[in-house]
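Residue numbers (my numbering): 500 to 1129.
C-beta: ideal position from N, C-alpha, C; glycine also.
Since we're looking at a predicted model, the values are computed, not measured.
Notes follow once the structure below has been shown.
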Amino acid sequence: MRFFGVIFGLFFAAAGGFIALETAVPTYFAWIEMKEWHATQAKIIEAGGEDNGVTATYQYEVAGNEYQGVRVHIANFKDNIGPYHIDMRRYLTEKQRTGQPVTIWFDPDNPADSVIDRDMRWGLFALMSVFCSVFIIIGLVVAIASLKGKVTNHASPRFRLAEMRQSWKAAQASGEYSGGFIDYVKSGLHQRSPTPAEYSDPGLQPWLGNPRWQSNRIRSNAKRGMYFMWLFAIVWSAGTSPLLFVLGDELKQENYAALLGLLFPLVGIFLLKKAWDQTREWRRFGVIELEMDPFPGAIGGHVGGRLLIEGTYQGDSQYNIELACVHSYVSGGGKNRSRRESILWSENGAAHATMAASPAGMGTRLDFRFDVPDNLPESDVRQSGDYYLWRISLTADIPGANLDRDYSIPVFRTKSRSSSVQHDVSGQAAKMRAKAAQASQMALNSGQLDQTALARSVRFSEHGGVSRFYYPMFRNKALALFAFIFAAGFGFASYSMISGFGGDAMGIIVMIFSIPFAIVALLAATAAIYLPLNNLRVVIGKGTLQVTRRLFIVPIRRHRLATYEVTRLEVKRSGSTGQGRRRVTHFKISAHTKDKNKITIAEDIDGEDLAHSYKGFLERKLGISPSRSG
């Protein structure tokens, strides 16, 4: 996959370079050259063209010799950027009708080479230049990142060899394998995960294969993330700012749809603000190292540690700490490939903050400890392809600059426990969950769904033994707005790319590269329609379950069945919104039937504990015992 990334990146950069050589580069050098050309008068013989182009044939005389020219302007390709072609076509057509001469410019060294308009259209030139630059930069970044990943994501050969030899010796000692080392490697047995007992051997400590885990001083990715955000924000802003040059001309032609193009510069402003916020955060807090206890973190044991924030003590601030086990994977194929994350398990609470001395003055020491279940996967040392990672997230609202750090940490099946950290975040979280679950359960038992977080997503009524649940439209306002903006922006970009160039070779290339933009715009437009307008009605009563999914008022899916046909209910994670302590995980509840169908009967539930409490409420309405529900 890395090879594919390198090839794709180089192809992307080469395409940008080719487009630049066909448009911006020759246009610029032609402008430089034409500044030395001489002026003369010419007669328009023929003038015409289309909306995105203008053509003309004209005659002129130099040193007693007659010449005929056809070049109207510097750029030798079609475009629809502004009203230039319309105005020039109108101007030349009028000169042809009246027979009035026009001023042209010719090369004194080659009088047959001429042009009517030698002025640079700077808006068009900026758009071409930035468009090509974005392609080149993105392509090179992808290629370099792929090459870098090939080198850095793996343990060193020496370490891998030592690890394999230790594994071979252990297999021989246990009687598991009696052959030679080469045959052992060929068999693939060296790739097995070590047991906790094996980790006691200093030669079998796989976390040392990651350069960031060589010592118990783990740094966040804050500085790298800050640089990346600045690069992304600058490239995006540079690539979209030329739209501002042509917006006025488009509005003069009453093309008000061009206002959608403002979405791209606005996104650029947002990205620049994000980069600035990250810079302020970094300048204020600097490096914050994580010291783990135990090291590494232990599945079936503890993940704990401490952090020292130098020169800053805010006794009234709450420092939220979260531990998450994440599955990072690649979905889709070709141009639609993307890396996604799915949280397998997480827990969060408040770290214990105390005043502590630091080189920069009195700072803040944070202590935390989590209890980790024993059924979760270990950290992947190489972190390439599909892999699992463990992440510590630290956030705090502090006046001046909010704190936000992420740490990728080693967690393995050592079952070690912390020797010095006493602050039990897991116990704290368990008490808070129990309290919230009790409050939710009491509200559900009394039918007061509006007293819980369910009030955001469901309207509940009960009359005559019939329970009605309505999940209304516009319950996902933020996601719907984001999808609309995304669709509008990418739709406008694809339209501009397709319509802005003619049918020449360069125009065909641009059209090909507009296809991914059009696909993203179509998918986002579908989401922008579905997210706000879909609604769900669920009716339980008199031995039946009725489920109707509508898009606005149009039914798109119906289910009607007897309640005894429902075998169990299942709670499933459906996504999350926000980050850090503001992150909310959303769940849905599906009804499993005897004929192996799954029917969604509840969705957009905020939080796992509430989802399970709500599941019990629905089980009682359906007459399903918890033992059958699973």
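- Message: Cutting at 6 Å between CB atoms, please list the residues of its own chain near ASN709, excluding the five before and the five after it.
- Response: The sequence position of residue 709 within the sequence shown is 210, counting from 1. Cβ within range, chain order: VAL880.
- Should ILE1104 be labelled buried (16 or more other beta-carbon atoms within 10 Å of its own) or exposed? Taking the first residue of the sequence shown as 1, we reach residue 1104 at position 605. Result: buried.
- How should ARG657 be labelled, buried or exposed, when 16 other C-beta atoms within 10 angstroms of its C-beta is the threshold for buried? Here residue 657 refers to the residue found at position 158 when the sequence shown is read from its first residue. Note that ARG657 has pLDDT 43, beneath the 50 cutoff, so the model's placement of it is unreliable and no number is given.
- What does PHE968 pair with, by DSSP beta-bridge criteria? Numbered from 1 along the sequence shown, position 469 holds the residue referred to as residue 968. DSSP, once it has assigned bridges, lists PHE959, VAL1037 as partnering PHE968.
- Query: Quick one: is the Cβ of TYR1029 within less than 7 Å of any heavy atom of the ligand NAP?
  - Reply: In the structure shown, the ligand NAP is absent, as is every other ligand, since no ligand is present at all.
- Helix, strand or coil: which one does DSSP assign to LYS577? Residue 577 sits at position 78 when you count from the first residue of the sequence shown. Coil, per DSSP.
- For THR1076, does the count of other Cβ atoms within 10 angstroms reach 16, so buried, or fall short, so exposed? Residue 1076 sits at position 577 when you count from the first residue of the sequence shown. Under this definition THR1076 is an exposed residue.
- Is DSSP giving LEU1021 helix, strand or coil here? As a position in the sequence shown, residue 1021 is number 522, starting the count at 1. Helix.
- Per the contact definition of three or more C-beta pairs closer than 8 Å, is the segment 942-950 in contact with the segment 925-933? no
- Mind checking whether LEU865 and ARG805 have CB atoms under 8 Å apart? In the sequence shown, residue 865 corresponds to position 366, counting from 1. In the sequence shown, residue 805 corresponds to position 306, counting from 1. Contact: yes.
- May I have a chain-ordered list of the beta strand (DSSP E) segments no shorter than 3 residues that lie completely inside the segment 899-937? 902-908
- Query: Counting pairs of Cβ atoms below 8 Å between the segment 773-782 and the segment 816-831, do you hit three or more?
  - Reply: No contact exists between the segment 773-782 and the segment 816-831.
- Assign LYS1041 to buried or exposed, taking buried as 16 or more other Cβ atoms, counted over all protein chains shown, within 10 Å of its Cβ. For the purposes of this step, residue 1041 is identified with residue 542 of the sequence shown, where counting begins at 1. Label assigned to LYS1041: exposed.
- Since LEU822 contacts ILE733 with CB under 8 Å, what's their CB separation in whole angstroms? Numbered from 1 along the sequence shown, position 323 holds the residue referred to as residue 822. Numbered from 1 along the sequence shown, position 234 holds the residue referred to as residue 733. Actually they are not in contact, since the Cβ atoms of LEU822 and ILE733 sit about 34 Å apart, beyond 8 Å.
- Task: Compare the C-alpha of SER925 against each of HIS851, ALA512, TRP604, PRO795 and name the closest.
- Result: If you number the sequence shown from 1, residue 925 lands on position 426. Residue HIS851 holds the alpha-carbon nearest to the alpha-carbon of SER925 among HIS851, ALA512, TRP604, PRO795.
- Task: Quick one: residues in its chain with C-beta nearer than 7 Å to the C-beta of LEU888, no 5 flanking neighbours on either side, listed in chain order?
- Result: What you label residue 888 is simply residue 389 of the sequence shown in a count that begins at 1. For LEU888, same chain residues with a beta-carbon under 7 Å away, outside a window of 5 residues either side, are VAL825, SER827, SER878, ASP879, GLN882, SER907 in chain order.
- Buried/exposed call for ILE506, threshold 16 Cβ in 10 Å: The count along the sequence shown starts at 1 and reaches residue 506 at position 7. Counting Cβ neighbours within 10 Å, ILE506 comes out exposed, since fewer than 16 surround it.
- Would you report the Cα separation of VAL1070 and ALA1090, rounded to the nearest angstrom? By 1-based counting over the sequence shown, the position of residue 1070 is 571. By 1-based counting over the sequence shown, the position of residue 1090 is 591. Looking at the two C-alpha atoms, the distance is approximately 9 Å.
- Message: Between which residues of its own chain and GLY1074 is the CB-CB distance below 6 Å, once the five residues before and five after are set aside?
- Response: Your numbering for residue 1074 matches position 575 in the sequence shown. Cβ within range, chain order: HIS1085.
- Query: Taking DSSP as the reference, what is the three-state secondary structure of GLN940?
  - Reply: Position 441 of the sequence shown, counting from 1, holds the residue named residue 940. Correct three-state label for GLN940: helix.
- Roughly how many angstroms separate the alpha carbons of HIS962 and MET728, rounded to a whole number? As a first step, residue 962 is located in the sequence shown; it is residue number 463 there, counting from the start. As a first step, residue 728 is located in the sequence shown; it is residue number 229 there, counting from the start. Cα to Cα, HIS962 sits roughly 55 Å from MET728.
- Enumerated in chain order, which unbroken segments of the beta strand (DSSP E) with a length of 3 residues or greater are wholly contained in the segment 801-881? 801-808, 819-830, 837-849, 851-857, 860-870
- Task: Check PHE1086 in the structure and name its three-state DSSP category.
- Result: Residue numbering aside, residue 1086 sits at position 587 when the sequence shown is read from its first letter. In the structure shown, PHE1086 sits in a strand (DSSP, three-state: E or B).
- Message: Once the 5 residues before and after GLY548 are set aside, which same chain residues still bring their CB inside 6 Å of it?
- Response: The count along the sequence shown starts at 1 and reaches residue 548 at position 49. Hits under 6 Å: THR554, ARG588.
- Between the Cα of ASN575 and those of LYS1093, ALA562, SER613, SER841, spot the shortest distance and give me the residue it belongs to. Counting from 1 along the sequence shown, the entry for residue 575 is found at position 76. Measuring from the Cα of ASN575, the nearest candidate turns out to be SER613.
- Query: Does the pairing of the segment 559-566 with the segment 535-545 give three or more beta-carbon distances under 8 Å?
  - Reply: yes
- What beta strand (DSSP E) runs, 3 residues minimum, are completely inside the segment 1099-1124? none
- Message: Check this for me: beta carbons of GLU788 and GLY862, under 8 Å apart or not?
- Response: Numbered from its first residue, the sequence shown carries residue 788 at position 289. Numbered from its first residue, the sequence shown carries residue 862 at position 363. Cβ distance not < 8 Å, so GLU788 and GLY862 don't count as in contact.
- Which listed residue (LEU1044, SER956, ARG716) has its alpha carbon closest to that of GLY1106: As a first step, residue 1106 is located in the sequence shown; it is residue number 607 there, counting from the start. With distances taken between Cα atoms, GLY1106 lies closest to SER956.
- Please name the residue, chosen from ASP608, ALA642, TYR590, that lies closest to PRO600 on a Cα-to-Cα basis. On the sequence shown, residue 600 is found 101 positions in, with the first residue counted as 1. Each of ASP608, ALA642, TYR590 was checked against the Cα of PRO600, and the nearest Cα belongs to TYR590.
- Rounded to the nearest angstrom, how far is the Cβ of ASN1034 from that of MET972, given a contact under 8 Å? Translated into the one-based positions of the sequence shown, residue 1034 becomes position 535. Translated into the one-based positions of the sequence shown, residue 972 becomes position 473. Yes, ASN1034 and MET972 are in contact; Cβ-Cβ is about 5 Å, under 8 Å.
- Message: On a Cα-Cα basis, can you pick out the residue from GLY552, TYR566, VAL571, GLY516 that is closest to MET533?
- Response: For the purposes of this step, residue 533 is taken as the residue at position 34 of the sequence shown. When only C-alpha atoms are compared, the closest one is VAL571.
- Query: Quick one: is ASP885 buried, meaning 16 or more other Cβ sit within 10 Å of its Cβ, or exposed?
  - Reply: Numbered from its first residue, the sequence shown carries residue 885 at position 386. ASP885 is exposed by the Cβ-count criterion.
- Query: Going along the chain, which residues of its own chain have a beta-carbon closer than 6 Å to the beta-carbon of ARG838, five neighbours each way excluded?
  - Reply: As a working mapping, residue 838 is identified with position 339 in the sequence shown. The residues are VAL829.
- Segment limits, alpha helix (DSSP H) that includes MET533: Locating residue 533 in the sequence shown gives position 34, counting from the first residue. Counting along the chain, the alpha helix (DSSP H) containing MET533 begins and ends at 523-533.
- Residues in its own chain within less than 7 Å of HIS584 by CB, not counting five upstream and five downstream? Along the sequence shown, read from residue 1 onward, the residue named residue 584 stands at position 85. These residues qualify, in order along the chain: GLY548, ASP550, ASN551, GLY552, VAL553.
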